[in-house]
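A.B. asks:
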Amino acid sequence: MGLHPLEFSECYLDSPVFREKIKSHEAELDKTNRFIKELYKDGKNLINATKQLVLAQRKFAQSLGEFQFEYIGDAKTDDERCIGEFLWNMNITETLMKPLEKFRKEQLGSAKAERKKYEKETEKYYSSLEKLLNMSAKKKEPQLQEADSQVETIRQHFQEESLDYVCKLQEIQERKKFDCVEPMLAFFQTVFTFYHQGFELANDFNHYKKALQINIQNTRSRFEGTRVEVFELMKRIREVPQEYRQTSPISSEGYLYVQEKRPPPFGSSWVKRYCTFVKEQKILHMVTFDHRSGGKMGETESVTLKSCVRKTTDMLDRRFCLDIEITDRPGTVLTVQSLSEDDHKFWIHAMGGKEPVIDAQLDDVGLSFVKNAINAIETRGINDQGLYRVVGVSSKVQKLLSLMIEGGSPESRSQAIHCLVHKLPEKNRLVLGLLLKHLATVAAHSKLNLMTVANLGVVFGPTLMRPQEDTVAAIMDLKFQNIVVEILIEQHEKVTTGFFSNDTDVRTVTGGGGKRAMAVYPCEAEHDSELSFQVGAIFSAVAPSREPGWLEGELEGKKGLIPENYVEML
Numbered sequence: 001m002g003l004h005p006l007e008f009s010e011c012y013l014d015s016p017v018f019r020e021k022i023k024s025h026e027a028e029l030d031k032t033n034r035f036i037k038e039l040y041k042d043g044k045n046l047i048n049a050t051k052q053l054v055l056a057q058r059k060f061a062q063s064l065g066e067f068q069f070e071y072i073g074d075a076k077t078d079d080e081r082c083i084g085e086f087l088w089n090m091n092i093t094e095t096l097m098k099p100l101e102k103f104r105k106e107q108l109g110s111a112k113a114e115r116k117k118y119e120k121e122t123e124k125y126y127s128s129l130e131k132l133l134n135m136s137a138k139k140k141e142p143q144l145q146e147a148d149s150q151v152e153t154i155r156q157h158f159q160e161e162s163l164d165y166v167c168k169l170q171e172i173q174e175r176k177k178f179d180c181v182e183p184m185l186a187f188f189q190t191v192f193t194f195y196h197q198g199f200e201l202a203n204d205f206n207h208y209k210k211a212l213q214i215n216i217q218n219t220r221s222r223f224e225g226t227r228v229e230v231f232e233l234m235k236r237i238r239e240v241p242q243e244y245r246q247t248s249p250i251s252s253e254g255y256l257y258v259q260e261k262r263p264p265p266f267g268s269s270w271v272k273r274y275c276t277f278v279k280e281q282k283i284l285h286m287v288t289f290d291h292r293s294g295g296k297m298g299e300t301e302s303v304t305l306k307s308c309v310r311k312t313t314d315m316l317d318r319r320f321c322l323d324i325e326i327t328d329r330p331g332t333v334l335t336v337q338s339l340s341e342d343d344h345k346f347w348i349h350a351m352g353g354k355e356p357v358i359d360a361q362l363d364d365v366g367l368s369f370v371k372n373a374i375n376a377i378e379t380r381g382i383n384d385q386g387l388y389r390v391v392g393v394s395s396k397v398q399k400l401l402s403l404m405i406e407g408g409s410p411e412s413r414s415q416a417i418h419c420l421v422h423k424l425p426e427k428n429r430l431v432l433g434l435l436l437k438h439l440a441t442v443a444a445h446s447k448l449n450l451m452t453v454a455n456l457g458v459v460f461g462p463t464l465m466r467p468q469e470d471t472v473a474a475i476m477d478l479k480f481q482n483i484v485v486e487i488l489i490e491q492h493e494k495v496t497t498g499f500f501s502n503d504t505d506v507r508t509v510t511g512g513g514g515k516r517a518m519a520v521y522p523c524e525a526e527h528d529s530e531l532s533f534q535v536g537a538i539f540s541a542v543a544p545s546r547e548p549g550w551l552e553g554e555l556e557g558k559k560g561l562i563p564e565n566y567v568e569m570l
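What follows is the structure in structure tokens.
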């Protein structure tokens, strides 16, 4: 598994798990930094060796040029010209060394600077917080308010620095995929051309180079789109951070200082613990964690909550305290201290409140509205260029698709999606079927409206598969939403089988019936939607396809596209 996404909402919790995720990102950047340094060193050695080789080859070419027989002529051969001129034009420094060193100094260097600022703000915030919490509650109110105000200002600086640092870490992790790979791609192209067999090697490499260039471009495009979404999410969190404090509907998390009583004359001490309260079981998990001790986590202690009561300053000279009665130890009361008044209210609400359940149903009015909207679009604007979106990007690369959705063939993926779709409520399934049929009709007119299946996936992916939460992980999954919607549109007849009654004019795929045809030429499928066959193969359920020049049919239990001029109807 790769690196975990860093959620902006976790910057406000600053949990031990969040710190472990940051450490993983920092370790990855450190590894990249060491790799580039070592590559830079080895690259300089390669450049020096290449220069010596080039000088020797130029001398050799010059000797060949000077050693001539009058009856042979005075023109140089192609080999001599290649040895003398071509190799001299190779420039490894510009193609590989400078871009990698620039990335290391600018991107990784800026990450180190952000890391120092982040660690400095962490130390400053928690030191001032402990100082505030140790203040006597008997001090005058103006003094307490001034202290609260100072700590609140420091907290805001710390949280903003945490947001910036998390954003920077993930930005560099994504940039690395194309800023580092692209110079290497250019370097390998130069190296392959450098050798005597360079022409054959370059041709063999050309297919991989084109595919990799597409991957790099897609990665850069996704990075730009994701970057905008991430900055928008960070902006929203900065404006109302309290709305993103609650990260889970079933539990609440945050730091609490737990009072640990000792026998006389030692008194008591306060230990900072990261606490997770599971509402349904009323279990409070507490783990000792101190940022200044190297970020090491202690053992986890769990207690079952019986009741929670606000503790007044008359009973204890510390603010923001709660008395927690636990069922595990009858008669034992656990005293904890929250970080602020808002945090105090948060824990009281979390330990006694319930989450509202919203149940939305699709009615006949909504179903009628969707039908009328689709009919209007297909009647008036089905051939308009840029229908739903003027410009789209092509993401329908089969090799990339197989890498993104792991496990199983396209047929098994269609069956899995079919199974999930049939778990939807009846009216929701009906609306989805109407919409997919409509989008397939739009895609069939893509030569005029420019809305291919890939472009429709980009437009409708975030709408049909909207995430439950606005998180960085959800933004990173946008590409998978688009791919699933592409499959839904392409396979809509299979996916929506059984949705409609006889008057809805949606075809269903049937096996074994219909017309039959025989192959007169062999064919090797280039895509998973096509069929491979030999001469004499017999197809069943043959019918015209929406694709010009193609038929749809079934061979040995598999359905797919058949070139129309490769078969004869029986």
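Using UniProt numbering, read the sequence shown as starting at 1 and increasing by one per residue. The beta-carbon is built from N, C-alpha and C at its ideal position, and this holds for glycine as well.
#1: Output the boundary residues of the beta strand (DSSP E) element that contains F172.
#2: If you draw a straight line from the alpha carbon of S268 to that of K261, how long is it in whole angstroms?
#3: Are the CB atoms of C321 and K311 nearer to each other than 8 Å?
#4: Where do the ends of the alpha helix (DSSP H) carrying T288 lie?
#5: Thinking Y257 and L334 are a contact (beta carbons under 8 Å), I'd like their distance in whole angstroms, please.
#6: Drop a sphere of 10 angstroms on the beta-carbon of L6, count the other beta-carbons inside from all chains shown, and report buried for 16 or more, exposed for fewer.
#7: Please say whether V542 and G557 have beta carbons closer to each other than 8 Å?
#8: Using alpha carbons as the reference points, say which of T153, I538, E146, Q173 lies closest to S110.
#9: By Cβ distance below 6 Å, which residues in the same chain neighbour I538 in space, the five residues on each side in sequence not counted?
#10: Classify C167: buried if its beta carbon has 16 or more other beta carbons within 10 angstroms, exposed otherwise.
#11: What do you get for I487, buried or exposed, if any count of 16 or more other CB atoms within 10 angstroms of its CB means buried?
#12: Determine the extent of the alpha helix (DSSP H) in which C523 is found, giving its start and end residues.
#13: I489 and A440 look like a contact to me (Cβ under 8 Å); what is the Cβ gap, rounded to whole Å?
#14: Which residue's Cα is closest to the Cα of G433: I374, S545, L478?
#15: How about T276 and E253: are their beta carbons less than 8 Å apart?
#16: Whole angstroms are fine: how far does the CA of I475 sit from the CA of E229?
#17: Using the Cβ count rule (16 or more neighbours within 10 Å means buried), how would you classify H25?
#18: DSSP puts C321 in a beta bridge; with which residues?
#19: Residues in its own chain within less than 8 Å of I36 by CB, not counting five upstream and five downstream?
#20: May I ask which residues mark the beginning and end of the alpha helix (DSSP H) holding E123?
#21: Which one of D384, R34, P544, D30 has the shortest CA to CA distance from M451?
#22: What number of angstroms, rounded off, separates the C-alpha of E564 from the C-alpha of D528?
#23: Quick check on the burial criterion: 16 or more other C-beta atoms within 10 angstroms. Buried or exposed for T454?
#24: Please report the straight-line C-alpha distance between H285 and S149, rounded to a whole angstrom.
#25: Quick one: grab the DSSP three-state call for residue 656.
#26: In the DSSP output, what is V276 paired with across the bridge?
#27: Let me know the secondary structure DSSP gives M476 once reduced to three states.
#28: Where does G560 sit, in a helix, a strand or coil, going by DSSP?
#29: Three-state secondary structure (DSSP) at S136?
#30: Give the secondary structure of S540 by DSSP, where H, G and I count as helix, E and B as strand, and everything else as coil.
#31: Could you tell me the alpha carbon to alpha carbon distance between F460 and E224, rounded to whole angstroms?
#32: How big is the Cα-Cα spacing for A49 and K117?
#33: Go to L430, then tell me how far its alpha helix (DSSP H) extends in each direction, as first and last residue.
#34: Please classify V309 as buried or exposed, where buried requires at least 16 other C-beta atoms within 10 Å of its C-beta.
#35: Can you tell me whether I250 is buried or exposed, with buried defined as 16 or more other CB within 10 angstroms of its CB?
#36: Do L212 and L169 count as a contact pair if the criterion is CB distance below 8 Å?
C.D. replies: The short version:
#1: Inspection of the sequence shows that residue 172 is occupied by Ile rather than by Phe. No beta strand (DSSP E) contains I172, which is instead part of the alpha helix (DSSP H) from 141–179.
#2: 4 Å
#3: yes
#4: No alpha helix (DSSP H) holds T288; the beta strand (DSSP E) holding it covers 283–289.
#5: So it is not a contact: roughly 12 Å between Cβ atoms.
#6: buried
#7: no
#8: Q173
#9: M518
#10: buried
#11: buried
#12: Per DSSP, C523 belongs to no alpha helix (DSSP H) and is neither H nor E.
#13: 6 Å
#14: I374
#15: yes
#16: 7 Å
#17: buried
#18: K311, Q337
#19: L100, E101, F103, R104, L108, C180
#20: 109–133
#21: D384
#22: 17 Å
#23: This sequence places Ala at residue 454; Thr is not what is there. The residue in question, A454, is buried, as its Cβ has 16 or more Cβ neighbours within 10 Å.
#24: 31 Å
#25: Outside the shown range of the chain, which is 1 to 570, sits residue 656, and nothing can be said about it.
#26: For the record, residue 276 in the displayed sequence is Thr; it is not Val. Paired residues: E253, H285.
#27: helix
#28: strand
#29: coil
#30: strand
#31: 19 Å
#32: 42 Å
#33: 426–444
#34: exposed
#35: exposed
#36: no
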